[in-house]
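One structure is given below, encoded as structure tokens.
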Amino acid sequence: MITLSDVSKCFNRGLPSQFTAVDQVSLRIDAGGITVLKGPSGSGKTTLLSLIGCMARPTSGRILLEGVSPPFPCPGENGLDISSLPERFLTEIRRRTFGFIFQQFNLIKGIGVLENIMLPAYPLGEPHAKLRARAIVLLERLRLERHAGSRLDWLSGGELQRVAIARALINDPAVIIADEPTAHLDSRLSLEFMEILSGLAGSGRTVLIASHDPIVYDAPSAARVIEMRDGRITAAQ
Amino acid sequence: MQPSLERHAHLIDFAISSLLRRKGKNLSLLAVYVLIVFVIASLILFVQALRREASLVLTGAPEIVVQRMVAGRHDLIPVSYGADIVSIRGVSEVVPRFWGYYYDPVFGANYTLMVPDQSPPAEGTIVIGPGVARNQRVKSGDLLTFRGASLQPLLLTVGQILPQQSELVATDLITLSAADFQAMFRLPPGTATDLAVKVANPREVATVAAKIAERFPDTRPITRSEILATYDALFDWRSGMMVVILGTAVLCFIICAWDKATGLSAEERREIGILKSIGWETTDVLLLKFWEGTVISLTAFLAGLSLAYAHVFFFSAGLFQHALKGWAVIYPDFRLTPSLDPYQLGILFFLSVVPFVAATIVPSWLAATTDPDSAMRS
Ligand SMILES: Nc1ncnc2c1ncn2[C@@H]1O[C@H](COP(=O)(O)OP(=O)(O)OP(=O)(O)O)[C@@H](O)[C@H]1O
Ligand SMILES: [Mg+2]
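In the order they appear, the protein sequences are chains V and R. Just so you know, the first sequence maps onto residues 1 to 237 in the working numbering. Just so you know, the second sequence maps onto residues 1001 to 1378 in the working numbering.
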């Protein structure tokens, strides 16, 4: 599904503060199942996720995506090389292929729960009624139907987390990327979160999580755990 | 609907709910904005209406008015000059006019007295402007007392009060018969206040005026276009008062837009980052900001314009009536005829909407071109 070969990400190149956050990483992630990136703080997990998720471009190396059919002509025969695409195309792939769950949830305050969930789909121009219906189905799946009309500010931490998951799912992505998703949750909510994600992985989605929370990487559903240190992969099981 | 239209519909929806989210800030912005548009639009509409009124009045005026000058001052003109002027090529008619001012010491008001060329009131009756009627508290059929030339009181019956529409120019007007006019002022026989000269061909007006000035060195011919020009200068929006008010309003507007342009809050910046991270393109963010700016400035434009319209045409521009028309003792209390000049409104629209939208978009554009991954590290 996703293949990385010799991918590096270097910040502040040419400056005294030059820093290599991801160093020559080669990795293959298959479709379906949960993959967890673990490692100490600063080891490059977030950076690696943002490279895979088309949020930033690698300094060197190639990232191939298979099984995506971009809405523009592309030359690659075995998968799409996203490491050299212009920003517009990257955004296009990102919003159709990836759903993101952030550590801080990154929800927009002051507007409704439903509107937050539909937000990633707005630029795609889907008819409002259809989009709304899909958002409500997602709310029901995440047991949030009670909050369809609520303002975001009234929700508890666990509910916010589930809104964030629903938002990540609105464009029906093949890959879900979550960065430290349990950092703000207690252990009961963390377990519940992993359960939701294993359900999603079971339905064929690829789930990628960066975390140093044992509840995440020791979870039975975490099919694969990759350890990182100083931007390199030190162990993969 | 097409996807691109749906996209706009979604973005407008979200722009409106974004604006409502920062209700306090945006409402105060809108209020200031409406006020500025209101002041500028009121001025434009008011001046426009006054100019229209003035030119309407002048369309019925003679092409040339000939006044006699003595020691640089307006003096009575011998009616006999008229016979000579008629013989000038191009002149179709010369009519002596009788008018003057009457000061009423009791009410402290100045009236304009005039004998109309056509169908003057019958002897003993007068037609008065609405301002006079208000000032003297009289109605049709009442008697008014004037001081005659021989100091005897002159009793005249009010035959009719002029309608409200002609207030601006006729508010202090009294029309009367030639006989009553003589009884009041007793002009020397064979003289008139001035002569109205009718010229059929407008292109000959200047030549005729030059010939009159040449033949009668003691007269001053005033052409209608000169009067129009005087009115124009009086009402011109480049004239002092206008420049001050307009300048202030524009300054307010610039400050307002500048504040908006520099004041992208940390909160707004963060939101732009979030939108980018969940898959919005830079153009989507800009379009959102474009709609936000458009909603605010268009609302302000329409609200300001409607308020100004009501102010000028329903409330007779009450706020600056006195400042701009304080030339008479009797203040006209008039209704201006509604009229809109699309050209000036176009300029107002352009000046009020475009800079504001630009001021909204530019800083957002700077914020939106950052990498989406920065949202992962907030
Ligand atoms: N934009 C940037 N410019 C310079 N250095 C950066 C930038 N982004 C990340 N880094 C550095 O790259 C290194 C890896 O960061 P990254 O966020 O990927 O670590 P992480 O494994 O996610 O850590 P954590 O577990 O604390 O979230 C860090 O040392 C960080 O300071
Ligand atoms: Mg991190």
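All C-beta atoms, glycine included, are put in the ideal place defined by N, C-alpha and C. Remember, predicted model here, so these are calculated numbers, not experimental data.
- By the Cβ criterion, the stretch 1063–1073 of chain R is not in contact with the stretch 1273–1281 of chain R, since fewer than three pairs of Cβ atoms, one from each stretch, lie closer than 8 Å.
- Distances from the CB of V:D179 to the heavy atoms of ligand 2 include at least one below 7 Å.
- At a threshold of 7 Å, R:T1360 does not count as near ligand 2, since its beta carbon sits no closer than that to any of the ligand's heavy atoms.
- In this structure R:P1130 touches R:L1162 by the C-beta definition: roughly 6 Å separates them, less than 8 Å.
- In this structure, R:V1158 keeps its C-beta atom at 8 Å or more from the C-beta atom of R:D1172.
- V:S43 sits away from V:I63, with the two beta carbons spaced by 8 Å or more.
- Per DSSP, reduced to three states, the secondary structure at R:H1008 is helical.
- In the DSSP assignment, R:H1311 falls within the alpha helix (DSSP H) that extends over T1282 to F1313.
- The residues A1300, A1303 and G1304, in chain order, have a CB closer than 6 Å to that of R:V1034 in the same chain once the five nearest residues on each side in sequence are set aside.
- Contact annotation for V:T59 against chain R: no contact, minimum CB-CB distance about 13 Å [criterion: below 9 Å].
- Within chain V, the residues whose beta carbon sits less than 9 Å from that of R:L1011 are Y122 and P123, listed in sequence order.
- Counting the other CB atoms within 10 Å of its CB gives R:E1267 a total below 16, which places it among the exposed residues.
- Exclusion of V:S8 from the 7 Å shell around ligand 1 follows from its C-beta lying no nearer than that to any non-hydrogen atom of the ligand.
- Where V:L48 is concerned, the enclosing alpha helix (DSSP H) starts and stops at K45 to I52.
- According to the DSSP assignment, R:H1074 belongs to the beta strand (DSSP E) that extends over R1073 to D1075.
- Linking V:E180 to V:D213 through their CA atoms gives a straight-line distance of about 8 Å.
- A Cβ of chain V is located within less than 8 Å of the beta carbon of R:E1006.
- Note that the C-beta distance between V:H128 and R:A1009 is below 8 Å.
- Closest option to R:S1017, judged by alpha-carbon separation, among R:M1184, R:K1289 and R:A1179: R:K1289.
- Chain-ordered, the chain V residues with CB closer than 7 Å to the CB of R:D1284 read P123.
- Going by DSSP, V:L208 is part of the beta strand (DSSP E) stretching over T206 to A210.
- At least one heavy atom of ligand 2 lies less than 7 Å from the C-beta of V:T46.
- The three-state secondary structure of R:R1068, taken from DSSP, is strand.
- Contact annotation for V:R167 against chain R: I1278 [CB-CB distance below 8 Å, chain order].
- Identification of chain R residues near V:F100 by a Cβ-Cβ cut-off of 7 Å yields S1277 and I1278, ordered along the chain.
- Flagged as an interface residue toward chain R: V:M55, by a C-beta distance shorter than 8 Å.
- For chain R, the residues of the stretch 82–94 of chain V that bring a beta carbon within less than 7 Å of one of its beta carbons are R88, T91 and R94, in chain order.
- Using a Cβ-Cβ distance cut-off of 8 Å, the stretch 164–172 of chain V and the stretch 139–154 of chain V are in contact, since at least three pairs of beta carbons, one from each stretch, lie closer than that value.
- With a 10 Å radius around the Cβ and a threshold of 16 neighbouring Cβ atoms, R:F1046 comes out buried.
- For R:I1222, no alpha helix (DSSP H) segment is defined; the enclosing uninterrupted segment is the beta strand (DSSP E) at T1219 to T1223.
- Flagged as an interface residue toward chain R: V:N106, by a C-beta distance shorter than 8 Å.
- Sequence-distant partners of R:P1372 (beyond 5 residues in either direction) whose C-beta falls short of 8 Å from its own C-beta, in its chain, are G1273, K1276 and S1277.
- For the options R:A1310, R:F1315, R:A1209 and R:E1093, the alpha carbon positioned closest to that of R:K1198 is the one of R:E1093.
- Not a single C-beta of chain R is nearer than 8 Å to the C-beta of V:T3.
- When the Cα atoms are used, R:T1248 and R:A1359 turn out to be separated by approximately 20 Å.
- With a contact defined as Cβ atoms closer than 8 Å, R:P1116 and R:T1175 qualify at about 5 Å.
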